Every structure is written in C-alpha cells, then in structure tokens.
Amino acid sequence: MNLEVRNLSMHYGEERALDRMNLSIKDLDSVSIIGPSGGGKSTLLRLVAGLEIPSSGEVIVNGTPIDYEERALREYRKRIGLVFQSHNLFPHWTAIQNIVLPLIKVFHYEKEAAYEAAESLLVKFGLMEHADKLPVQLSGGQQQRISIARAMARQPEILLLDEPTSALDPQLTKEVLDMLIELKAEGTNILMATHEMNFAKKASEYVVFIDGGKVAVEGPTESFFSINNEAKLGEFLANVFE
Amino acid sequence: MERMKKMFKLESPGDKPGLLGKTTNIVLVGLFIAGIFLAALLSLGYKFDWTVIWTYRFKILQGYGTTFLLAGISIFISIFIGIISASGLQSRILFFRYLARTYVEVIRGTPFLVQIIFFYFIIAPAVGLNNKFVIGVLILSIFTGAYVTEIIRGGIQSIPETQWITSRSLGFSPLQTYRYIVFPQVFRRILPALAGQMSSLVKDSSLLSVIAVAEFTKSVREVESITYRAFEVYTFLMLGYLLITIPISLLSKWLERKYYYES
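So, in structure tokens, the structure goes:
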C-alpha cells in the first residue's frame with residue numbers, strides 16, 4: 085500500500101486530535117501504529133477510513149487523494165475494510181449474515197454468490213461451525229475474527245484495524261493475531277493501531293509512533309525497536325512491557 | 488411440612504414457584520378479592536340481577552365491537568404517527584424537529600380528557616368533522632402517537648454509536664442503515680413497550696364516552712342508566728376490558744422473552 089498523509093489536522097472544538105501530521109508510507113504490506121491512548125491513532129484511522137472529515141490537510145491512498153464529500157466517501161469506503169475494538173457485528177444477524185448482507189446490499193452481489201464468498205472465508209479461517217450463531221453466542225475472539233472475515237470479503241485495498249485485540253484476553257488475542265499474520269502472509273495490506281508490541285515486531289514491516297497528534301517516531305520495524313533513544317518512546321515502551 | 492411451606496413461601500425472591508404453588512396462590516388471591524366484594528355487597532344487602540346484561544346484550548356487544556374497532560384502527564394510525572414524528576425528532580431540518588418536539592410535549596403534558604374536549608369542540612367543527620367514530624379514532628391516535636414517538640426515539644437511541652459507525656464504514660447509506668440495521672433492532676427492542684402502550688390505548692378509549700362515541704363504556708353506562716344495575720354492568724365492563732388487555736400483556740411478556748438475544 086501507499087499512504088500519504090499531508091498536513092493533516094483534526095480539531096474537536098479546542099482539542100487537536102491531529103495536529104498537522106505528515107506521514108509517508110510507500111510499498112509496504114503491513115504497518116503498525118503505536119502510541120498512548122488519546123494520542124491520535126484512532127483519529128488517523130477514522131480519517132483514512134473516510135469516516136470523518138479532516139479540519140485540514142489531505143490523505144492520499146494508493147495514489148488517489150480521498151475526496152471528503154459524503155457521496156464520494158461512500159464509494160471510497162467500499163475499498164476499505166475496517167475493524168474496531170469491539171461490537172463490530174450487528175447483534176440481530178448471524179455471523180454469516182453479517183458477512184453476506186453488506187455484500188448483497190452494498191456490493192449488489194447475488195444471494196448465492198454472497199453466501200459462497202462468505203462460506204469460503206469462514207471455512208478458510210476455521211469459523212464455519214459458527215456461521216449460524218448470533219454474535220452473543222460467540223466469544224470475543226470469534227467475534228473479532230468474523231469481523232475481520234467480513235472486512236476481507238470486500239477484498240479491501242487496505243485492512244484497517246483499530247486496536248482489534250484490546251478488549252480480549254491473551255488467549256483470544258493470540259487467535260486474532262494468528263489470523264492477521266496469516267492474512268499478512270497472503271499479501272493483505274494491513275494498517276493497525278495496536279498495543280501489541282509483539283505483533284508489531286513480528287508482523288509489521290514498519291512502525292509509526294504517534295503522540296500529541298503528530299508522528300513522533302517512525303521507522304522500519306528492526307531499527308524502530310532498536311533506536312529507543314527518544315525519551316517519550318522509551319517511556320511508552322517501558323510502560324507497555326511492564 | 489417443608490413441602491407445604493414451599494408452596495407458600497419462596498426460599499429467595501429470585502426462585503420460581505412450582506406449578507402447584509402458583510395455582511394454589513392464584514386461586515387464593517381470587518378468593519380473597521371475591522371475598523371482599525361479597526362482604527361489601529352483603530353489608531349493602533344487594534341482590535344480583537345478571538339478566539340485565541343478557542337483556543341488553545346487543546347494545547353492550549355493539550359497544551364492545553366499537554371499542555375493538557376503534558382501538559384496532561388507532562393502533563395502526565398511532566404507530567404510523569409515531570414513526571413519522573420520531574423521524575421528525577431525528578431530522579436535520581430544524582422546523583420538523585421542533586414541530587415533532589412540540590407535538591410530543593403538548594400531548595404528553597396535557598390530560599387526555601382535556602385534549603378530547605378541545606379537539607371535539609374546537610378543532611373538529613373548525614375542519615368540518617362530525618363523524619364521532621372518526622373523531623374518536625383521530626384523537627386516540629394523536630394522543631397515543633406521542634407516546635409511541637418517545638418509545639421509538641428511545642429505541643433508536645439505544646442502538647450503540649459503534650453500530651452506526653460500523654454500518655457507515657461498511658458502505659451502507661443512511662437510509663440503508665435505518666432500514667437494515669437500526670429499525671429491525673429497534674422494532675424488536677420496543678415491541679414489549681409498544682404492546683404495553685397498546686394496552687393503554689384500549690383503556691384510554693373509554694374516555695371517548697364523554698363525547699358520546701358509542702363505545703363499550705358509553706353503551707354500558709347507558710344500560711346502567713336504564714336499569715340502575717350499576718354493580719352488574721360495571722363488573723361486566725371491567726371484565727370486558729381485561730379480556731382485551733390481559734392477552735396483550737401476555738403477548739408483551741412473550742415477546743420480551745422471544746427477543747432476549749442481546750446481552
């Protein structure tokens with residue numbers, strides 16, 4: 085994926101969630117965004133996902149600037165897969181309906197084709213036995229994996245994940261991360277905000293540390309975790325590994 | 488002895504009573520209430536004459552049928568009004584928003600009896616309405632619609648923010664979000680409350696007797712004024728309403744259990 089963020093600002097009243105952020109990601113498969121809560125990770129992801137309109141600046145995804153006009157955004161969102169921390173699935177639909185209905189209603193799939201696509205994803209990730217369960221009957225890990233499967237069903241240009249494991253215990257976290265590692269190995273482009281340093285180390289090629297609405301430190305994974313010289317990053321990592 | 492005790496007293500309030508305990512106690516409650524009434528009547532030296540109900544059966548049944556029809560039609564219109572008005576509350580166009588808000592506040596803030604009189608003596612003649620049944624249906628629907636609005640609004644607000652965002656991120660349009668994601672859930676969530684409101688509607692319809700809509704209460708009161716058999720006819724009146732509201736109440740409880748899928 086190519087992702088270009090230019091002078092991007094997002095203000096909520098007085099609060100500056102993003103403050104003239106610049107970021108340039110070129111030809112990378114998997115990028116992790118780390119940083120303290122409230123530092124701007126989620127805001128960046130929501131802007132890249134086309135869910136909010138920035139106060140100023142622009143975002144260029146794979147060469148095309150995002151047109152922040154509602155109708156254009158609705159088209160743009162079809163190119164993106166997005167998974168949040170929790171409660172991604174609609175509680176009145178079964179697991180498979182959660183995957184199938186966006187395909188039918190948004191992408192105008194035929195019913196059979198949509199079910200075929202959903203089933204092959206569920207089979208692939210070992211989730212077929214849960215196809216007809218309601219979200220409330222699934223574990224947090226299963227819910228997240230089905231959410232990721234739903235995001236993948238549209239064959240997104242980028243899979244955006246906003247702390248997808250932070251509501252899960254270590255066992256379930258591993259389940260979800262294993263699935264993401266598998267997806268990454270297949271060449272899925274992943275941009276993930278996370279607190280999982282091990283995942284950032286193991287499965288991403290590039291790490292971006294965001295604090296105070298700006299990119300504080302960034303770099304290829306190996307060198308990123310070795311520099312550790314910036315005071316802020318040092319403190320953050322110390323807290324994470326505590 | 489222990490078993491006998493269990494029939495009358497639960498170990499803790501959360502326990503479920505057994506079938507025998509339940510039946511026995513319901514019968515006891517019935518006997519208790521009947522006993523009070525009988526004692527009151529005996530002290531008055533009242534002699535029953537239930538034949539009056541049979542004598543005026545057609546009049547009473549006609550009233551009962553009118554109540555049924557009145558309530559049945561009003562249920563649909565009031566839900567329709569509620570949907571429109573709840574949409575108004577969510578509207579980005581401020582005029583609609585304040586119009587809906589005003590409607591809800593005025594209706595919920597004034598007594599139904601006053602609304603009936605106001606509508607009957609001021610609005611209805613002004614627009615040339617003189618069919619009492621139609622006037623009754625309209626008043627009842629407008630009145631109940633305000634409460635339905637609030638029920639729907641509460642239902643829409645109970646859908647968590649993340650679902651709206653998720654729906655948007657999946658590419659659903661706002662209309663599709665309402666249609667496929669919000670309304671199906673809202674509908675299930677508010678069904679029990681809605682059923683309760685419908686039971687109120689049936690009872691509230693009795694107030695329409697003040698403007699002489701020939702519904703159940705009105706016809707029973709007429710029978711009373713002819714026969715002076717107040718006890719018999721009003722007992723019958725109460726049972727008649729219970730015959731409609733108890734099934735609605737049971738339906739509401741059943742719906743609550745059926746759609747209890749969300750944590």
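Residue numbers (this note's numbering), protein chains in the order written: chain A, 85 to 326; chain B, 488 to 750. Backbone N, C-alpha and C define an ideal beta-carbon position, used for all residues, glycine too. Fair warning: this is a prediction, and the values are worked out from it, not measured in the lab.
For A/R161, the chain B residues whose Cβ falls inside 8 angstroms of its Cβ are R655, S656, L657, G658, in order along the chain. Where B/I733 is concerned, there is no enclosing beta strand (DSSP E), although the alpha helix (DSSP H) around it starts and stops at 717 to 745. Taking a beta-carbon distance threshold of 9 angstroms, A/R229 does not count as an interface residue toward chain B. Counting along the chain, A/R90 sits inside the beta strand (DSSP E) bounded by residues 87 to 96.
Residue-level contact check: B/R675 touches chain A, since one or more beta carbons of chain A fall below 9 angstroms from its beta carbon. At a beta-carbon threshold of 8 angstroms, the residues of chain B lying near A/A133 are S656, ordered along the chain. In the DSSP annotation of this structure, the continuous segment of the alpha helix (DSSP H) that includes B/V591 starts and ends at 581 to 596.
Counting every other CB atom within 10 Å of its CB across the protein chains shown gives B/I713 a total below 16, marking it as exposed. Taking CB atoms only, B/P647 has a neighbour in chain A less than 9 angstroms away.
Bounds of any beta strand (DSSP E) do not take in A/P254; it lies within the alpha helix (DSSP H) bounded by 254 to 269. Listed by position along chain B, the residues whose Cβ is nearer than 8 angstroms to that of A/F168 are T649, I652, T653.
Taking the Cα of A/L187 as reference, the smallest distance to any Cα among A/L87, A/Y199, A/G147 is reached at A/Y199. Its chain contains F630, D691, L694 as the residues whose beta carbon lies nearer than 8 angstroms to that of B/F599, once the 5 sequence neighbours on both sides are disregarded; these appear in chain order.
A/L102 and A/N146 have their C-alpha atoms some 21 angstroms from each other.
Between the segment 649 to 658 of chain B and the segment 158 to 174 of chain A there are three or more inter-stretch CB-CB distances shorter than 8 angstroms, so the stretches are counted as touching. For B/I668, the residues of chain A that pass the 7 angstroms Cβ criterion are F174, in the order they occur in the chain. Residues of chain A with a Cβ closer than 8 angstroms to the Cβ of B/P671 are, in chain order, H176. Here A/A300 carries a strand assignment [DSSP, helix/strand/coil]. The residue among B/L662, B/P647, B/L729, B/L737 with its C-alpha nearest the C-alpha of B/L678 is B/L737.
For A/F209, not one C-beta of chain B is nearer than 9 angstroms to its own C-beta. A/V291 is bridged by DSSP to A/S116, A/G303. Per DSSP, A/G141 is one residue of the beta strand (DSSP E) stretching across 140 to 145. Non-local beta-carbon contacts of B/A633 in its own chain, meaning distances under 7 angstroms to residues more than five positions away in sequence, involve Y590, V591, I594, R595 in chain order.
Annotation for B/K503: no residue places its beta carbon closer than 7 angstroms to its own, counting only its chain and skipping 5 residues before and after. Under the three-state reduction of DSSP, A/I109 is assigned to strand.
Among the bridge pairs identified by DSSP, B/E637 is matched with none.
Contact between the segment 112 to 125 of chain A and the segment 145 to 165 of chain A is not established, with fewer than three Cβ pairs separated by less than 8 angstroms. DSSP places B/D691 in the uninterrupted alpha helix (DSSP H) bounded by 670 to 691.
The C-beta distance from A/R158 to B/G658 rounds to 6 angstroms, short enough to meet the 8 angstroms contact threshold.
The segment 152 to 166 of chain A and the segment 123 to 141 of chain A touch, with three or more beta-carbon pairs separated by less than 8 angstroms. Three or more beta-carbon pairs separated by less than 8 angstroms link the segment 241 to 249 of chain A to the segment 261 to 280 of chain A, which places the two stretches in contact. Think of a sphere of 9 angstroms around the beta carbon of A/H171: the chain B residues whose beta carbon falls inside it are P647, T649, Q650, T653, in chain order. By the beta-carbon neighbour count (other beta carbons within 10 angstroms, threshold 16), B/I622 is buried. Distance from the CA of B/F605 to the CA of A/Q181, rounded to the nearest whole angstrom, comes to 51 angstroms.
Taking C-beta atoms under 8 angstroms as the contact rule, A/N86 and A/N106 fail to qualify, at a distance of about 15 angstroms.
About 7 angstroms separates the CB atoms of B/R675 and A/H176; that is less than 8 angstroms, so the two are in contact.
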